[in-house]
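J.: Chains A and B supply the protein sequences, listed in that same order.
For the first sequence, position 325 matches number 329 in our numbering, and the numbering has no gaps at all.
For the second sequence, position 36 matches number 1527 in our numbering, and the numbering has no gaps at all.
Here you go, one structure.
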Amino acid sequence: MNFIKFIFPFLISLALIVGLNNKLGQVPPLGKFLDPYNGFWANSENQDIAFEVSPSIPGLNEKVSIYYDSILIPHVYANNDHDLYMAQGYVTAQNRLWQMEFQTHASGGRVSEIIGKDALDFDRYQRRNGLLYGAEKAVKLMAEDPTIGPLLNAYTEGINQYIASLEYKDLPIEYKLLDYKPEKWSNLKSGLLLKYMADDLAGGDADAENTQLLKMLGKERFNFLFPDRYKDFDPVIPKSRDWDFEAETIERPDSIEFPLVFPDNKAPQPDPQNGSNNWAVHGSKTSTGKPILANDPHLGLNLPSIWYVMHLNSPTVNVFGSTLPGALGVIIGFNDNVSWGVTNATRDVRDWYHITFKSDEKKEYRYNGKWLKTQKVIQEFKVRGNENYYDTIYYTHHGPIVYDESFRSENSKTNFALRWTAHDPSNEQLTFHLLNRAKNYDDYEKALTFYDCPAQNFAYADVHGDIALWINGKFPLRWEEQGKFIMDGSRADMDWAGFIPREHNAYMKNPKQGYLSSANQIPVDSTYPYYHYDRGFEHYRNRRLNQKLETLQNITVEDMMRLQNDNFSLLASDILPSILDSLNRNNMSEPEKIAFDALSNWNFMADQDAIAPAYFEILWDDLYKNLWDEFYGLDNKVRRPELPVTVEILKEHPEEKYIDNQNTDIKESISDLYHMSFKSAVDSVENWKSANEKELTWSNFKNTTVQHLARLAPFSTDNIQIGGNKHILNATSGRHGPSWRMVVSLEQPIKAYGVYPGGQSGNPGSYYYDNLIEPWSDGEYYELENKANASDLNNIIFTQTLTPEAK
Amino acid sequence: MKFIIRTIIIVVAAHFSLLYFPWWSMAICAFFAGAIIAGKNLSTFFSGFIGLGFLWLIQAFIIHNDSSGILSNKIAELFGLSDGIYMVIISGIVAGLVGGFSTLSGFRFRRIFSRDKSRGLYR
């Protein structure tokens, strides 16, 4: 009897303990999770810093001192480079471990291990896309490099020393929520992080869509709607540049037929809004007589922030700027002599080849009249809560077969191999290593020669007065139209013949106009002797930027900050007047009159409190959809014409057949489209007003949100009060925008300022997780002091000393 | 008196245990406290429930308060609750249930062996 009386409470206790120690569906293991000593409560912080004061680090040669300033930027002072990068690894992991690991899991196609089978399709694409394949090749090259190899090892070792020090209690909150543990870092993970960026910035192409459009429209219409360059374009390298070199020649094959086949269902591609602004202004145009450099990369607005800002000091380097958690050195920044910034050199570096296999076994494929062997690789996917999944990927000399009958292509005859510069071994880390230490233009130029992918426009300015801009990366040497459409993988003349010689990449140094800028527009004009193509060069931000840079004189740092926060919509100023002209105010309803007046009086500034941008946003979206309705409803197989063509048709081609909306019985004119879109905009805004309690302002309407990487709403920040939009210098749209703003004045000593939408800590329980969002949205900046001596630093709130382990 | 002593033992033992061991170590403390200091079913259950419940509740409350709820408010929102204080209460209840049943188990475990002896003493 007593045994039975024992067994009941005992079994209940046991069931409670076991039940509360395990994850149930989405619910974390509650006992573990709620424990105030070790669970999520242990991640609660405030403004106090809880890092270990003097952690002992095996492998460190000498002490490293780290001073955290008032916004938790670490100023790292080491006596040698090995210790410096070991400390960088340790400190970054201390703040951003979960993010670093999650991003490299995403890059390597391993998200299913964390969240289960929902991510399997994504993971399969990542592996088929060749990110892991490319990372393995890249990291091998980096590990063999006598400079980068040992430093990469030190960085990895630093991260691992931090991971080794962790108990459950110390794990970042996301591990506790999702119930898993960090694994050891490796050089490969650093490689994967760089490929994550390559995928984000150079992982897009339109080959399949273009091929579909070519079939639908025919050559002439295709070229009219999707031209390689637009009217009124303003290339990155000013048109005044002479190309004073003998270009390599490449023969266009005589009989080209692009195979009219495509995958049934393309995998999603990076956000086409990924872009950036940067510029360098010569001393002749500044108030100090010294150059100023500005840069703001536009990426998805995420928390923890994509960037981690650091100051790294050793006897060989004194550099400050934004780092990517997982990569060593500073990516965008300045040292005592130079400053540099990057924007994406959007340029097609991915081509698709249609492959014909000899048999269904896929052992051989046709190439140049012969059969070549494939290489078969079976990839294993660990899927949480499910059995392992195995995917077979075949490699051709072009690259991996991404689409075949087992992945998004139901027909066994449609196999597509991907050739992508991100697959090739490259050592981008060496570029950043050298840039971090650059003293002058020659050092900068040399550093860039090691940089392949994702291609970037590197703006440069130094204390000697030089400014420059190189469109830098590894670009395939192509005949005209090569890679614009899906190509026949069995013909040797469809392969890339080689690459544009590095010294023939477009660049300019100290131009007469006194400034250089880039904002993802077309790189060069038609006189550049090499074929260059991309599916979507930006057309508005860059022209606004150059108009302002052209007129500004005696430029100050504040002018440059204002320009980064500039809300002028060149697109609206281009099209809105003709829309308003066609509307008649007299027979409008009251809300329509309000909208009409707001739009008529608008100065085209998408400021946070304005209301006109809200109407314009819907109006334009609706107009665009009505104009190009022929292109919708075809799944995601085609893209739509870009904005410059759209505006051109509306203003200059009233007879175009696309103007008629296919869904209605009547034949619409342009002014009908304007009317429909205007009414729709007013309706949408009225609906928004009745569904939302907030006041109608552009920022409330747009609802800029910085989202947690795992899309957990409470860890995100929404409704940020900020103006701007896509195609505007302040490129802040709903989920996208300037991820780091930096302005550097190259006077002596250098003055530098920066801010970003997030915070230095990756812990949602810390004050420093999102403390910079408000200053960022208000257009404020923090001074970035790269003092060579730690004793000159101001506003230090915490000091940490990494100590070699006693022997 | 026994109730108070048992409860205090549970709180002190669990507190130190949690500094070094996983969360369920506190259930072992409660089990032994229940076995060592015998009482009635209800009294043993409640010293576990109140002891561990308040230990977690108070610890969680101090953290919630010191950190201005920066994290607890967010976690509450993840659980569909409006305020981090609910996380304090839930933590207390979870620990209380574990504490109550483990202490009771300890006591009932002792009774398997000690029934005759105790009867002999007090009858």
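The beta carbon of each residue, even a glycine, is placed where N, CA and C say it ideally should be.
Source: prediction; values computed, not measured.
Taking only the alpha-carbon atoms, compute the straight-line gap between Lys141(A) and Lys380(A) and give it to the nearest angstrom.
T.: The sequence position of residue 141(A) within the first sequence is 137, counting from 1. The sequence position of residue 380(A) within the first sequence is 376, counting from 1. Lys141(A) and Lys380(A): Cα-Cα distance of roughly 17 Å.
J.: What residues from chain D crowd round Ile21(A), counting only those whose CB sits closer than 7 Å?
T.: In the displayed structure, chain D is absent; the protein chains listed are A and B.
J.: Whole angstroms are fine: how far does the CA of Thr347(A) sit from the CA of Asn299(A)?
T.: Position 295 of the first sequence holds residue 299(A). Position 343 of the first sequence holds residue 347(A). Straight-line Cα distance between these residues: approximately 8 Å.
J.: Following the continuous alpha helix (DSSP H) through Ala602(A), name the residue where it begins and the one where it ends.
T.: In the first sequence, the residue the question calls residue 602(A) occupies position 598. Unbroken alpha helix (DSSP H) run through Ala602(A): 594-604.
J.: Closer than 9 Å, Cβ to Cβ, to anything on chain B: give me those residues from the stretch 36-49 of chain A, in chain order.
T.: Lys36, Phe37, Leu38, Asp39, Pro40, Tyr41, Asn42, Gly43, Phe44, Trp45, Ala46, Asn47, Ser48, Glu49
J.: Using the three-state DSSP reduction, which class does Asp492(A) fall into: helix, strand or coil?
T.: Here residue 492(A) refers to the residue found at position 488 when the first sequence is read from its first residue. Strand at Asp492(A).
J.: Does the distance from the CB of Gly857(A) to the CB of Tyr357(A) come in under 8 Å?
T.: The displayed coordinates of chain A run from 5 to 811. Any statement about residue 857(A) would go beyond what the structure contains.
J.: Identify the contact partners of Asp1557(B) in chain A, using a Cβ-Cβ distance below 7 Å as the criterion.
T.: Here residue 1557(B) refers to the residue found at position 66 when the second sequence is read from its first residue. Under the 7 Å cutoff, chain A gives Asn50.
J.: Against Pro176(A), what residues of chain B qualify as contacts under a CB-to-CB distance less than 9 Å, listed in chain order?
T.: Here the question's residue 176(A) lines up with position 172 in the first sequence. Within 9 Å Cβ-Cβ: nothing; Pro176(A) doesn't reach chain B, min ~12 Å.
J.: How long is the line joining the alpha carbons of Leu647(A) and Pro239(A), rounded to whole angstroms?
T.: By one-based count along the first sequence, residue 647(A) stands at place 643. By one-based count along the first sequence, residue 239(A) stands at place 235. Their backbone Cα atoms lie some 17 Å apart in a straight line.
J.: Using 10 angstroms around the beta-carbon of Leu1510(B), count the other beta-carbons present and answer buried if the total reaches 16, otherwise exposed.
T.: Within the second sequence, the letter at position 19 stands for residue 1510(B). It is exposed - the Cβ of Leu1510(B) has fewer than 16 other Cβ atoms within 10 Å.
J.: Output, in chain order, the set of chain A residues within a Cβ distance shorter than 8 Å of Lys1531(B).
T.: For the purposes of this step, residue 1531(B) is identified with residue 40 of the second sequence, where counting begins at 1. Going along chain A, no residue has its Cβ under 8 Å from Lys1531(B), so there is no contact; the nearest lies around 12 Å.
J.: Check Arg199(A) in the structure and name its three-state DSSP category.
T.: If you number the first sequence from 1, residue 199(A) lands on position 195. Arg is not the amino acid found at residue 199(A); the sequence shown has Lys there. Helix at Lys199(A).
J.: Only counting the same chain, and skipping five residues up and downstream in sequence, which positions put a Cβ closer than 6 Å to that of Trp606(A)?
T.: One-based indexing of the first sequence puts residue 606(A) at position 602. Here the set comprises Ala616.
J.: Answer yes or no: does any C-beta atom of chain A fall closer than 8 Å to that of Ser1534(B)?
T.: In the second sequence, counting from the first residue as 1, residue 1534(B) sits at position 43. It does not; no Cβ of chain A falls within 8 Å.
J.: Starting from Phe361(A), follow its DSSP beta bridges and name the residues at the other end.
T.: In the first sequence, the residue the question calls residue 361(A) occupies position 357. Tyr369(A).
J.: Taking any Cβ of chain B, which residues in the stretch 767-780 of chain A have a Cβ under 9 Å from it, in chain order?
T.: The residues in question are Asn767, Pro768, Gly769, Ser770, Tyr771, Tyr773.
J.: Express the C-alpha separation of Arg1497(B) and Arg1610(B) in angstroms, rounding to a whole number.
T.: Counting from 1 along the second sequence, the entry for residue 1610(B) is found at position 119. Counting from 1 along the second sequence, the entry for residue 1497(B) is found at position 6. Low local confidence applies: a pLDDT of 49 at Arg1610(B) is under 50, so the model's placement there is unreliable, with the coordinate-based value given in what follows. If I take the Cα positions, the gap works out to 21 Å.
J.: Name, going along the chain, the residues of the stretch 1568-1594 of chain B whose beta-carbon falls closer than 7 Å to a beta-carbon of chain A.
T.: In summary, the residues of the stretch 1568-1594 of chain B whose CB is separated from some CB of chain A by less than 7 Å are Glu1568, Leu1569, Ile1581, Ser1582, Val1585, Leu1588, Val1589, Phe1592, Ser1593, in the order they occur in the chain.
J.: State whether the stretch 1526-1539 of chain B contacts the stretch 1595-1602 of chain B, with contact taken as three or more CB pairs (one from each stretch) at a distance under 8 Å.
T.: yes
J.: Where Phe226(A) and Ile653(A) are concerned, what is the direct C-alpha to C-alpha distance, given to the nearest angstrom?
T.: As a working note, residue 226(A) is residue 222 in the first sequence. As a working note, residue 653(A) is residue 649 in the first sequence. Using only the alpha carbons, I get a separation of about 14 Å.
J.: Residues of chain A with CB closer than 8 Å to the CB of Ala1551(B), please, in chain order.
T.: Here residue 1551(B) corresponds to residue number 60 of the second sequence, with the count starting at 1. Those are Leu38, Pro40, Trp45, listed as they occur along chain A.
J.: Straight-line CA distance for Ile405(A) to Arg128(A)?
T.: Locating residue 405(A) in the first sequence gives position 401, counting from the first residue. Locating residue 128(A) in the first sequence gives position 124, counting from the first residue. Between Ile405(A) and Arg128(A), the C-alpha separation is close to 12 Å.
J.: Does the stretch 474-484 of chain A come close enough to the stretch 507-518 of chain A to have 3 or more Cβ pairs within less than 8 Å?
T.: yes
J.: Sort Phe14(A), Ala576(A), Gln51(A), Val115(A) by Cα distance to Phe802(A) and report the nearest one.
T.: By 1-based counting over the first sequence, the position of residue 802(A) is 798. Nearest option by C-alpha distance: Gln51(A).
J.: Using a Cβ-Cβ cut-off of less than 9 Å, list which residues of the stretch 682-716 of chain A approach chain B; keep chain order.
T.: Leu716
J.: Tell whether a beta-carbon distance below 8 Å holds between Leu549(A) and Asn729(A).
T.: For the purposes of this step, residue 549(A) is taken as the residue at position 545 of the first sequence. For the purposes of this step, residue 729(A) is taken as the residue at position 725 of the first sequence. It is not a contact, given that the beta carbons lie outside the stated cut-off.
J.: Could you name the residues of chain A that Lys1565(B) contacts, counting a contact when the two beta carbons are closer than 7 Å?
T.: Counted from its first residue, the second sequence places residue 1565(B) at position 74. Near Lys1565(B) (Cβ distances below 7 Å), the residues of chain A are Pro718, Phe719, Pro768.
J.: Can you give the Cα-Cα distance for Ser318(A) and Asn164(A), rounded to whole angstroms?
T.: As a working note, residue 318(A) is residue 314 in the first sequence. As a working note, residue 164(A) is residue 160 in the first sequence. So the two alpha carbons sit approximately 22 Å from each other.
J.: Would you tell me roughly how many angstroms separate the C-alpha atoms of Tyr534(A) and Arg482(A), rounded to the nearest one?
T.: Indexing the first sequence from 1 puts residue 534(A) at position 530. Indexing the first sequence from 1 puts residue 482(A) at position 478. The straight-line gap from Cα to Cα measures roughly 7 Å.
J.: Using 10 angstroms around the beta-carbon of Arg1614(B), count the other beta-carbons present and answer buried if the total reaches 16, otherwise exposed.
T.: Looking up residue 1614(B) in the second sequence gives position 123. Note that Arg1614(B) scores 42 on pLDDT, short of 50, meaning its location in the model is unreliable; the coordinates nonetheless yield the value given after this. Exposed.
J.: Looking at the structure shown, is Lys243(A) part of a helix, part of a strand, or coil, going by DSSP?
T.: As a first step, residue 243(A) is located in the first sequence; it is residue number 239 there, counting from the start. Of the three classes helix, strand and coil, the one that applies to Lys243(A) here is coil, per DSSP.
J.: Between which two residues does the beta strand (DSSP E) containing Asp722(A) stretch?
T.: Translated into the one-based positions of the first sequence, residue 722(A) becomes position 718. Residues 721-724.
J.: Any Cβ of chain A within less than 8 Å of the Cβ of Arg1474(B)?
T.: With chain B covering 1492 to 1614 only, the question about residue 1474(B) has no answer from this structure.
J.: What residues match up with Asn164(A) in a beta bridge as DSSP calls it?
T.: Taking the first residue of the first sequence as position 1, residue 164(A) is located at position 160. Beta-bridge pairing by DSSP links Asn164(A) to no other residue.
J.: Shorter than 8 Å from the beta carbon of Ile653(A) to some beta carbon of chain B?
T.: For the purposes of this step, residue 653(A) is identified with residue 649 of the first sequence, where counting begins at 1. It does not: the Cβ of Ile653(A) has no partner Cβ on chain B nearer than 8 Å.
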